[in-house]
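Have a look at the structure below, then the notes.
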Amino acid sequence: MTLAGIIQFFILVVVVLVAARMVRRLLRSRILPRVPMGMGAKDAVARLAGYFVLVLGLMVALQTLGIDLTALTVLAGALGIGIGFGLQNIVNNFMSGLIILVERPIQLGDRVEVGGVQGDVVRIGGRSTTIRTNDNIDMIIPNAEFISAQVVNLSYGDRKVRIRIPFGVSYASEPRQVERLALEVAAADRNVLQDPPPSVRFIGFGDSSLEFELRAWTIDLAHRPGLFRSNLNFALWEQFKKHGIEIPFPQRDLHFRNSLRIEQAPEPDRPRQDG
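Using full-length UniProt numbering, the letters of the sequence shown correspond one by one to residues 1 to 275.
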């Protein structure tokens, strides 16, 4: 092994790294956009192709040093023991990343919730996945969390999401009129899907109001459910106010019981003492 061979090896490693990155960019920008595939599938193909070029290039670089790859089995066994003790989490996250790219339980652009964090998937890396919340905060979550923990994918297979908006009206209101007015509000909102259609459910009789629930489907605001509820709540308030339907507040009837008055008997007159 000469100095020239070592320099050649490092040059090949740099070339392999650059080639792997160029292959990923070429697939993402030129080739895969023409293929009728989902965005997540395109990203998975590009990453796997980059990994393949990287592994193949490193094997060629090692052979340029005159290293017999079959002799690396002992080194691989020792490395495996080291991985088992010190790099277990890193390898676990990397393998979980490969599983995510192949099985695609989550994809770029999906709306997910994991570990109490909800946001959009903006990047799937080899070790971690980046989720961007509605506050524009990027949360970096290890890939193993998506394999071992419970994950809620609001966009899996279908980007439609049904959101529920509870509300209450006074007991003097007519339930069928309330249903009709709420459906008119949903029909007038451009972010509410009409297929499947929105619906209204009469939930029950509350302490101070009749309890209803407006159920509406959306795609455009699936990633912003708070804004979706807010828009419909504003519209419901204006609609009910326009038609004289009261949205009550909690009321309580207080009953006072008469208390017994205990009168103190007057003290008896004391006899006067003459001096």
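Built from N, CA and C at the ideal position, the CB exists for glycine as well.
Strictly by DSSP, which residues pair up with P166? Here the question's residue 166 lines up with position 166 in the sequence shown. BP columns for P166 point to E213.
Taking the alpha helix (DSSP H) that N134 belongs to, which residues open and close that run? Locating residue 134 in the sequence shown gives position 134, where the first residue counts as 1. Element bounds for N134: n/a, residue is neither H nor E.
If the criterion is Cβ atoms closer than 8 angstroms, does the pair F202 and F212 meet it? In the sequence shown, counting from the first residue as 1, residue 202 sits at position 202. In the sequence shown, counting from the first residue as 1, residue 212 sits at position 212. In this structure, F212 lies closer than 8 angstroms to F202 by Cβ.
Segment contact, 8 angstroms Cβ cut-off, at least three pairs: the region 188 to 198 with the region 224 to 234: Of all C-beta pairs linking the region 188 to 198 to the region 224 to 234, three or more are shorter than 8 angstroms, placing the two stretches in contact.
Inspect the CB distances between the region 129 to 146 and the region 169 to 188 and report whether three or more fall short of 8 angstroms. Flag = no, the region 129 to 146 and the region 169 to 188 do not touch.
Cβ pair G119, R127 closer than 8 angstroms: Counted from its first residue, the sequence shown places residue 119 at position 119. Counted from its first residue, the sequence shown places residue 127 at position 127. No; because the gap between Cβ atoms is not below 8 angstroms, this pair is not in contact.
Bridge partners - P142, DSSP secondary structure assignment: Here residue 142 corresponds to residue number 142 of the sequence shown, with the count starting at 1. In the DSSP assignment, P142 is bridged to S128.
Beta-carbon spacing of V169, I106 below 8 angstroms: On the sequence shown, residue 169 is found 169 positions in, with the first residue counted as 1. On the sequence shown, residue 106 is found 106 positions in, with the first residue counted as 1. The criterion of a C-beta distance shorter than 8 angstroms is not satisfied by V169 and I106.
In three-state DSSP terms, what is F234? On the sequence shown, position 234 is the one that residue 234 refers to. Of the three classes helix, strand and coil, the one that applies to F234 here is helix, per DSSP.
L153 bridges to which residues according to DSSP? If you number the sequence shown from 1, residue 153 lands on position 153. Sequence inspection shows Asn at residue 153; the Leu mentioned does not correspond to that position. BP columns for N153 point to V112.
What residues are listed by DSSP as bridge partners for F228? In the sequence shown, the residue the question calls residue 228 occupies position 228. Answer is none; F228 lacks a bridge partner.
Cβ atoms of L32 and V15: under 8 angstroms apart, would you say? Locating residue 15 in the sequence shown gives position 15, counting from the first residue. Locating residue 32 in the sequence shown gives position 32, counting from the first residue. Annotated as distal: V15 and L32, with beta-carbon spacing of 8 angstroms or more.
State the Cα-Cα distance for the pair L232 and I165, rounded to the nearest angstrom. As a position in the sequence shown, residue 232 is number 232, starting the count at 1. As a position in the sequence shown, residue 165 is number 165, starting the count at 1. Straight-line Cα distance between these residues: approximately 8 angstroms.
G275: buried (16+ other C-beta within 10 angstroms of its C-beta) or exposed? Walking along the sequence shown from the start, residue 275 turns up at place 275. Note that G275 has pLDDT 46, beneath the 50 cutoff, so the model's placement of it is unreliable and no number is given.
Compare the Cα-Cα distances from A4 to each of T218, T64, I99 and report the closest residue. The residue you call residue 4 lines up with position 4 of the sequence shown. Here the closest residue by C-alpha is T64.
Under 8 angstroms Cβ to Cβ from L12, same chain only, skipping five residues before and after it: list those, please. Start at 1 with the first residue of the sequence shown, and residue 12 comes out as number 12. Excluding positions up to five away in sequence, the list reads G57, V60, A61, T64.
Within 10 Å of its beta-carbon, does N93 have 16 or more other beta-carbons around it, so buried, or fewer, so exposed? On the sequence shown, position 93 is the one that residue 93 refers to. With a threshold of 16 other beta carbon atoms within 10 Å, N93 meets it and is buried.
Tell me which residues share the same chain as I6 and place their Cβ nearer than 7 angstroms to its Cβ, disregarding the 5 neighbours each side in the sequence. For the purposes of this step, residue 6 is identified with residue 6 of the sequence shown, where counting begins at 1. Leaving aside the five residues that flank I6 on each side, none in its chain has a CB nearer than 7 angstroms to its CB.
So, D110 versus S155, is the Cβ gap smaller than 8 angstroms? On the sequence shown, residue 110 is found 110 positions in, with the first residue counted as 1. On the sequence shown, residue 155 is found 155 positions in, with the first residue counted as 1. At a Cβ-Cβ threshold of 8 angstroms, D110 and S155 count as neighbours.
Is G206 helix, strand or coil when you go by DSSP? In the sequence shown, counting from the first residue as 1, residue 206 sits at position 206. In the structure shown, G206 sits in coil (DSSP, three-state: anything other than H, G, I, E or B).
With C-beta atoms as the reference, is L98 less than 8 angstroms away from A182? If you number the sequence shown from 1, residue 98 lands on position 98. If you number the sequence shown from 1, residue 182 lands on position 182. Contact check for L98 against A182 fails: the beta carbons are separated by 8 angstroms or more.
Opposite V16 in the DSSP bridges: which residues? Numbered from 1 along the sequence shown, position 16 holds the residue referred to as residue 16. Bridge partners of V16: none, in fact.
Whose C-beta lies closer than 7 angstroms to the C-beta of Q8 among residues of the same chain, with five residues either side of it excluded? Sequence index remark: in the sequence shown, residue 8 carries index 8 (1-based). T64, listed in sequence order.
Assuming V23 contacts V53 (C-beta within less than 8 angstroms), just tell me the rounded distance between them. Within the sequence shown, numbered from 1, the residue matching residue 23 stands at position 23. Within the sequence shown, numbered from 1, the residue matching residue 53 stands at position 53. 5 angstroms between Cβ atoms; contact.
Give the secondary structure of Q118 by DSSP, where H, G and I count as helix, E and B as strand, and everything else as coil. Here the question's residue 118 lines up with position 118 in the sequence shown. Here Q118 sits in strand by DSSP.
Report the three-state DSSP secondary structure of V60 (helix, strand or coil). As a position in the sequence shown, residue 60 is number 60, starting the count at 1. In the structure shown, V60 sits in a helix (DSSP, three-state: H, G or I).
Where does the unbroken alpha helix (DSSP H) through V185 begin, and where does it stop? Reading the sequence shown from its first residue, position 185 is the one you call residue 185. Where V185 is concerned, the enclosing alpha helix (DSSP H) stretches over 175 to 188.
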